[in-house]
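FYI, the numbering for the sequence shown is 12 to 381, going by the numbering used here. Ideal Cβ positions, reconstructed from N, Cα and C, are used throughout, including at glycine. On a predicted model such as this, the values are computed, not experimentally measured, just so you know.
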Amino acid sequence: MKIGLPSELGNGESRVSITHKGVEKLTQLGHEVFVSKGAGEASGITDEMYKKSGAILLDEIKDVYKQSDCIVKVKPPVSIEFDYLKTGQLLFCFILLEKNEALTRMLLEKKIIGIAYEMVIDKQGKKPLLIPMSEIAGKMAVFMGSKLMQTVHGGKGVMLGAVPGLAPSEVVILGAGSVAYGAAEIAMGIGCNVTILNRSTNKLRDLKNKLHKKGNYINLSDEALSYAMLKADLLVNTIDQMGDKQKHIVTAQMVRQMKKGSIIIDVACDEGGTIETSKLTSHTQPTYTIDGVVHCGIPNLPGIVPVTATFSLAEAVLPYIITIADDGFKKAILNDIGLRKALCTYDGYLIHKQASQNFDIPYASFEKAF
């Protein structure tokens, strides 16, 4: 199979999904790997390292698309890449269809085979490609919150953590999944008083057992959330509303009642979704302030640490790339139920219920599409 690894074009995004070691394994198996020049530089992987591993280096991103049967990325293609994708090509990356109508319609129009990292399920029912990036995102959320509290970054001058003789910082985390775990692990580790809110008692119990640390694990309700936010120095949201903008969990009124200078890091930022006052920001313009509360809605926090994130992601992704390349797409999908569940577009059919609901596009079952 001809596999393409284009450079990422999104703001602040420089991760790659295949390292030079991954290229070496794929080429040894008889596959060709086309790589954009400079794609791995920020991750510590030089063009020479890719070349020595057997990659074919190309000057232009569009040529990587042109030469390849399968495109392997990190983030979804941006608008300029829409023209690069070929009819019937396979796209394997974080696709996040439910948040991008233009991308969804383009994939359907071009009959792209879309397999989403975030939907791949392993034999234990977990998401092996999403979890490593989620945990890094959670950790980076706390690091970012700590940075934004410093006066040199316009903050109120509070150190996130605990100092003898002073009350610890208050960190509130919404959600109880992998992102929440990453955030809680760091916040608890530096001595913060951490409150985690989620609607599922079972998930709260699982997270508490996993952390082995003290914290406040509370069922999410308007009353409990409002009380927690009154004390919060840092609020980390990890709950993704999947494009649903009608059900705010954190209202503008709740934000107004927070302490001035408090920080909101919305890891699952969906403008007007979970947090009414949230909107997407970027690495170049990371924050904005509403009612004295600093908001940060960077959608790709792991992109700040591309070396760590790339090697963590690539290790998880490579076995699936090998399966698809060795077996061919159809056999791989039929034999691996975890990959099958990640198929979101095929031959012009939309196999993604949330995107179907969000954009009023007919949904097709796997059986109908395939």
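Taking the continuous alpha helix (DSSP H) assigned at residue i, which residues delimit it?
i: residue 394; result: This structure gives no information on residue 394, because the portion of the chain shown stretches from 12 to 381.
i: residue 238; result: 233 to 242
i: residue 212; result: 212 to 222
i: residue 181; result: Not the alpha helix (DSSP H): residue 181 falls in the beta strand (DSSP E), residues 181 to 185.
i: residue 350; result: 348 to 351
i: residue 159; result: 142 to 159
i: residue 266; result: 263 to 267
i: residue 132; result: Element bounds for residue 132: n/a, residue is neither H nor E.
If you reduce the DSSP assignment to three classes, tell me which class residue i lands in.
i: residue 38; result: helix
i: residue 43; result: strand
i: residue 168; result: coil
i: residue 13; result: strand
i: residue 306; result: strand
i: residue 58; result: helix
i: residue 118; result: helix
i: residue 192; result: helix
i: residue 288; result: coil
i: residue 20; result: coil
i: residue 174; result: coil
i: residue 361; result: strand
i: residue 278; result: coil
i: residue 163; result: helix
i: residue 82; result: strand
i: residue 68; result: strand
Identify, in the order they occur along the chain, each residue of the same chain with its Cβ nearer than 6 Å to the Cβ of residue i, setting aside the five sequence neighbours on each side.
i: residue 153; result: 194, 197 and 198
i: residue 303; result: 271
i: residue 251; result: 279
i: residue 168; result: 162
i: residue 285; result: 248, 250, 252 and 260
i: residue 351; result: 344
i: residue 386; result: Since the displayed the chain opens at 12 and closes at 381, residue 386 lies outside it and no answer follows.
i: residue 201; result: 172
i: residue 20; result: 89
i: residue 183; result: 206, 239, 243 and 246
i: residue 58; result: 48 and 68
Residue i lies in the beta strand (DSSP E); which residues open and close that run?
i: residue 101; result: 101 to 104
i: residue 72; result: It is not in any beta strand (DSSP E) - residue 72 instead sits in the alpha helix (DSSP H) that spans 72 to 78.
i: residue 248; result: 245 to 248
i: residue 127; result: 124 to 127
i: residue 357; result: 354 to 357
i: residue 208; result: 204 to 209
i: residue 228; result: 227 to 230
i: residue 301; result: 298 to 301
Are residue i and residue j touching if we call contact CB-CB under 8 Å?
i: residue 96; j: residue 88; result: yes
i: residue 382; j: residue 81; result: Here the chain covers residues 12 to 381 and nothing more, so residue 382 does not appear.
i: residue 179; j: residue 213; result: no
i: residue 312; j: residue 151; result: yes
i: residue 15; j: residue 64; result: no
i: residue 244; j: residue 171; result: yes
i: residue 231; j: residue 210; result: yes
i: residue 124; j: residue 340; result: yes
i: residue 228; j: residue 218; result: yes
i: residue 29; j: residue 327; result: no
i: residue 47; j: residue 25; result: no
i: residue 366; j: residue 109; result: yes
i: residue 129; j: residue 107; result: yes
i: residue 332; j: residue 37; result: yes
Assuming the contact rule is C-beta atoms closer than 8 Å, residue i and residue j should be a hit. Round their C-beta distance to whole Å, please.
i: residue 66; j: residue 85; result: The Cβ separation is near 17 Å, so there is no contact.
i: residue 241; j: residue 268; result: 6 Å
i: residue 42; j: residue 61; result: Incorrect: roughly 14 Å between the Cβ atoms, too far for contact.
i: residue 273; j: residue 23; result: Their Cβ separation, rounded to whole angstroms, is 24 Å, which puts residue 273 and residue 23 out of contact at 8 Å.
If I measure Cβ to Cβ from residue i and keep anything under 8 Å in the same chain, skipping five residues before and after, which residues do I get?
i: residue 375; result: 360, 361 and 362
Should residue i be counted as a contact of the ligand NAP given a C-beta to heavy atom distance under 7 Å?
i: residue 123; result: With respect to the ligand NAP, the structure offers nothing, as it holds no ligand at all.
Among residues of its own chain, excluding the 5 on either side of residue i, which ones have a beta-carbon nearer than 7 Å to its beta-carbon?
i: residue 319; result: 147
i: residue 297; result: 307 and 309
i: residue 266; result: 288, 301, 302 and 304
i: residue 143; result: 323, 324 and 327
i: residue 187; result: 207, 209, 211, 214, 215 and 218
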